[in-house]
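First the structure, in the form of structure tokens, and then the observations on it.
Chains as they are written, first to last, in the numbering used here: chain D, 1 to 488; chain F, 1001 to 1221.
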């Protein structure tokens, strides 16, 4: 028998991760805006000496937004909604509370060390897996702590059935664990020799084509299991909660979940089309990328149909706006990806700016929108105060939406222009353009992209201000809001 | 079945793991049976070249430059012969890159010289007026870590059977004995350069990063 008394959930860990989501979101986007501006105005490369060049900062940008901002968001929401869907409070277990706090503090220290190591140029130069072995070991420990939190909470749960969001968080945990371990296998050179050279240095267990295969099996699925899986988990919780609507279809969520799990991992080799990877793998990557539309759109459509009959909320509640637009950008991005994975399209798109364009309509429009609206939904419940300003939420929404549109349209044009110029030949079959022609032509698009960065960053600052005000000085609530988050 | 899984987290997790691991088993592992075999005549990187490769990684040249020539006429016309799997057999990690903000470098050693690289890394605009690449002047003063590069050569020899000579042993004595060979190699590069500080450093037995990097770039053919 369950007790009818309302549970008092403990949000101390969720709050900590909320703070780092805001901090790392700001830092990551600031660096992103800087390096976007460097491509348009190269003089900006010299602000910080050798530590400020585009090349040194690019991995700092990607890792701070992925492992700083996004993971903080994932964990803030997990420590918030995990308790609620499992009907158990963190406060009930001293052990889990300790693990949760340890998880946070190790993560925070690890994130700082990792960022400093990249600025110093200590890296194994694999995209999204740049960290050298000592930091990898720290990351494994942090990840295991999260696993203990998940399965610890699951172990003492009152609600026997795992809610959809939990499926996705568990999948995120397992998927990243498997891929990260395989991809980062390396041999520290210091220990093979008698302590010669730098202790941080290591060599990859895999070479050449094999290394590429493992790296993009990881690289693509880091996108899957960090940028997609837990974010879908978030929207399955926050959209019904904020709108007061039940999920449209359980069957559709089953199909999307298991479909996504099965299909996503195959698609990694679409990053290696026309490379020296065996042809059949490239073809598999292409085909499965197209199949991937089904489970991706399954989730997104399930979300949109959840709003059936309640579309008026879109005009009344800016958080619903964020979430609905997020699922729409998710649909755009998961249609665009498969198009780029078709071999003949990839021949033009690969190596061009269309690829970062694609990434950013996903991360800016889908991932960040979901995380920010999730944190907005959580704030009145965690801090027992209403959201500081609805007007600011609206302003932020329109600024950032404009920014995303400017970003992907400019990069579409830039990418396709460059791809076409690289292959253009004159009537005698000679190449028409030298490489530098194809760089110079991109200047206006790079400038537009830099502007979009400034807009998005401004939106994020408004978000941060609004959140901080909500935490500290907005009107106190006497009881927890049921659905729609109250805002002034 | 699904309702049952959702009430049994252990079996649920096992199910998820099996479903996501499946693709890796079928798609990734088979290729490991045929380990990357080197093309005929491929030599492992020299210690100086390895040090250069590590600078290429440290300063993340990979953020803007690829090392993969795809099988299109427009690419072979621009960059040279199409890339072959066996050419990467000694590349740990692979450095194909994913973005060409700058041109491909897989065969840059065929058409650029030490002199060109020296000018270009000091001030890209002096060679390519419209270039948006930053200057890497710090490479002319930072000293390359050749000891780590030597440790890397010994490691890949011992662990992965990369064919380095018998003199590659992981002791400090062996490294002290080998070090002069690296300096000799660096002197050959520095002889084609004009920067006075770089030449002086190499004469003293210190190798600025730029020398190692150029050794590596010249090797890419």
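Backbone N, C-alpha and C define an ideal beta-carbon position, used for all residues, glycine too. Small disclaimer: the values here were computed from a predicted structure and weren't measured.
Between residue 27/D and the rest of its own chain, which residues show a CB-CB distance below 6 Å, the 5 nearest in sequence each way excluded?
As a first step, residue 27/D must be located in the first chain, where it is residue number 27. Excluding sequence neighbours, residue 27/D sits near 64.
Flag this pair as yes or no: are the beta carbons of residue 450/D and residue 40/D separated by less than 8 Å?
The residue given as residue 450/D occupies position 450 in the first chain. The residue given as residue 40/D occupies position 40 in the first chain. A contact, by the Cβ cut-off of 8 Å.
Ordered along the chain, which non-local residues of its own chain (more than five positions away) have a Cβ less than 7 Å from that of residue 1127/F?
As a working mapping, residue 1127/F is identified with position 127 in the second chain. Excluding residues within five positions, the ones whose Cβ falls inside 7 Å are 1116, 1119, 1120.
Leaving aside the five residues before and after residue 1/D along the sequence, list all residues of the same chain whose C-beta is less than 7 Å from its C-beta, in chain order.
Working through the first chain from its first residue, we reach residue 1/D at position 1. Note on residue 1/D: pLDDT 41, under 50, position unreliable in the model; the coordinate value appears next. Excluding positions up to five away in sequence, the list is empty.
Give me the Cβ distance between residue 207/D and residue 1090/F, rounded to the nearest whole Å; I'm assuming they're in contact under 8 Å.
The residue you call residue 207/D lines up with position 207 of the first chain. The residue you call residue 1090/F lines up with position 90 of the second chain. Indeed, because the Cβ distance is near 6 Å, the residues count as touching under 8 Å.
Closest Cα partner of residue 1220/F within the set 1069/F, 1162/F, 1032/F
Taking the second chain and counting its residues from 1, one reaches residue 1220/F at position 220. Comparing Cα-Cα distances from residue 1220/F to each of 1069/F, 1162/F, 1032/F, the minimum goes to 1069/F.
Could you tell me if residue 95/D is buried or exposed, where buried requires 16 or more neighbouring beta carbons within 10 angstroms of its beta carbon?
Within the first chain, residue 95/D is the residue found at index 95, counting from 1. With fewer than 16 other Cβ atoms within 10 Å, it is exposed.
Taking only beta-carbon positions, decide if residue 1/D is within less than 8 Å of chain F.
Taking the first residue of the first chain as 1, we reach residue 1/D at position 1. Low confidence applies here, because residue 1/D scores a pLDDT of 41, under 50, leaving its location unreliable and the question unanswered by this model.
Compare the C-beta of residue 1130/F with all C-beta atoms of chain D and state if any pair is closer than 8 Å.
If you number the second chain from 1, residue 1130/F lands on position 130. Yes, residue 1130/F lies at the interface with chain D (some Cβ there is under 8 Å from its Cβ).
Kindly indicate the opening and closing residues of the alpha helix (DSSP H) around residue 318/D.
Within the first chain, numbered from 1, the residue matching residue 318/D stands at position 318. That run of the alpha helix (DSSP H) goes 318-341.
Determine whether the beta carbon atoms of residue 1223/F and residue 1189/F lie at a separation below 8 Å.
Because residue 1223/F is not part of the residues shown, which for chain F are 1001 to 1221, the question remains open.
Note down, in chain order, each residue of its chain lying with its Cβ closer than 7 Å to the Cβ of residue 45/D, except the 5 sequence neighbours on either side.
Position 45 of the first chain, counting from 1, holds the residue named residue 45/D. Answer for residue 45/D: 38, 52, 53, 54, listed in chain order.
Going along chain F, which residues have a C-beta under 8 Å from residue 90/D?
Mapped onto the first chain, residue 90/D falls at position 90. What residue 90/D touches in chain F: nothing, since even the nearest Cβ is about 18 Å away.
Would DSSP call residue 187/D helix, strand or coil?
Translated into positions along the first chain, residue 187/D becomes position 187. Correct three-state label for residue 187/D: strand.
Measure how close the beta-carbons of residue 234/D and residue 171/D come, nearest whole angstrom, since I'm counting them as under 8 Å.
Taking the first chain and counting its residues from 1, the one referred to as residue 234/D is at position 234. Taking the first chain and counting its residues from 1, the one referred to as residue 171/D is at position 171. Incorrect: roughly 13 Å between the Cβ atoms, too far for contact.
Pair within 8 Å by beta-carbon distance, residue 277/D and residue 289/D
As a working note, residue 277/D is residue 277 in the first chain. As a working note, residue 289/D is residue 289 in the first chain. Not in contact: residue 277/D and residue 289/D (Cβ atoms no closer than 8 Å).
Taking residue 149/D as part of the alpha helix (DSSP H), name the residues at either end of that continuous run.
What you label residue 149/D is simply residue 149 of the first chain in a count that begins at 1. Element bounds for residue 149/D: 133-155.
Would the C-beta of residue 348/D count as close to the ligand MG, meaning under 7 Å from any of its heavy atoms?
As for the ligand MG, it is missing from this structure, which has no ligand bound.
Express the C-alpha separation of residue 1002/F and residue 473/D in angstroms, rounding to a whole number.
Taking the first residue of the first chain as position 1, residue 473/D is located at position 473. Taking the first residue of the second chain as position 1, residue 1002/F is located at position 2. About 46 Å.
If you follow the alpha helix (DSSP H) that residue 1074/F is part of, which residue opens it and which one closes it?
For the purposes of this step, residue 1074/F is identified with residue 74 of the second chain, where counting begins at 1. From DSSP, the alpha helix (DSSP H) with residue 1074/F extends over 1073-1079.
Residue 83/D at chain F interface by Cβ criterion, 8 Å:
In the first chain, counting from the first residue as 1, residue 83/D sits at position 83. Residue 83/D does not count as touching chain F.
Does residue 136/D have its Cβ less than 8 Å from a Cβ in chain F?
The residue given as residue 136/D occupies position 136 in the first chain. Closer than 8 Å: no.
Distance, residue 390/D Cα to residue 476/D Cα
Locating residue 476/D in the first chain gives position 476, counting from the first residue. Locating residue 390/D in the first chain gives position 390, counting from the first residue. Distance between the alpha carbons of residue 476/D and residue 390/D: 16 Å.
How many Å lie between residue 1024/F and residue 1202/F at the Cα?
Taking the second chain and counting its residues from 1, one reaches residue 1024/F at position 24. Taking the second chain and counting its residues from 1, one reaches residue 1202/F at position 202. Cα to Cα, residue 1024/F sits roughly 48 Å from residue 1202/F.
Leaving aside the five residues before and after residue 1164/F along the sequence, list all residues of the same chain whose C-beta is less than 7 Å from its C-beta, in chain order.
Locating residue 1164/F in the second chain gives position 164, counting from the first residue. Excluding sequence neighbours, residue 1164/F sits near 1044, 1153, 1157.
Taking Cβ-Cβ distances shorter than 9 Å, what residues in chain D pair up with residue 1067/F?
The residue you call residue 1067/F lines up with position 67 of the second chain. Those do not exist, as residue 1067/F stays about 11 Å from chain D at its closest Cβ, beyond 9 Å.
Figure out for me which residue from 21/D, 12/D, 61/D has the closest Cα to the Cα of residue 36/D.
One-based indexing of the first chain puts residue 36/D at position 36. With distances taken between Cα atoms, residue 36/D lies closest to 61/D.
Nearest neighbour of residue 139/D, chosen from 104/D, 447/D, 163/D, 121/D [CA to CA]:
Counted from its first residue, the first chain places residue 139/D at position 139. Residue 104/D is the option with its Cα nearest to residue 139/D.
How about residue 1048/F and residue 1212/F: do their beta carbons lie closer than 8 Å?
For the purposes of this step, residue 1048/F is identified with residue 48 of the second chain, where counting begins at 1. For the purposes of this step, residue 1212/F is identified with residue 212 of the second chain, where counting begins at 1. Yes, the pair counts as a contact, with Cβ atoms nearer than the cut-off.
Using 8 Å as the threshold, is the C-beta distance between residue 342/D and residue 488/D below it?
Taking the first chain and counting its residues from 1, the one referred to as residue 342/D is at position 342. Taking the first chain and counting its residues from 1, the one referred to as residue 488/D is at position 488. Contact flag unset, no.
Is it a yes or a no for the region 1056-1076 of chain F touching the region 286-301 of chain D, going by three-plus beta-carbon pairs under 8 Å?
no
Rounded separation between residue 1006/F and residue 305/D - CA only
Within the second chain, the letter at position 6 stands for residue 1006/F. Within the first chain, the letter at position 305 stands for residue 305/D. C-alpha separation (whole angstroms): 23 Å.
Any chance you could list the alpha helix (DSSP H) runs of at least 4 consecutive residues sitting entirely within the region 420-484 of chain D, in chain order?
435-440, 443-472
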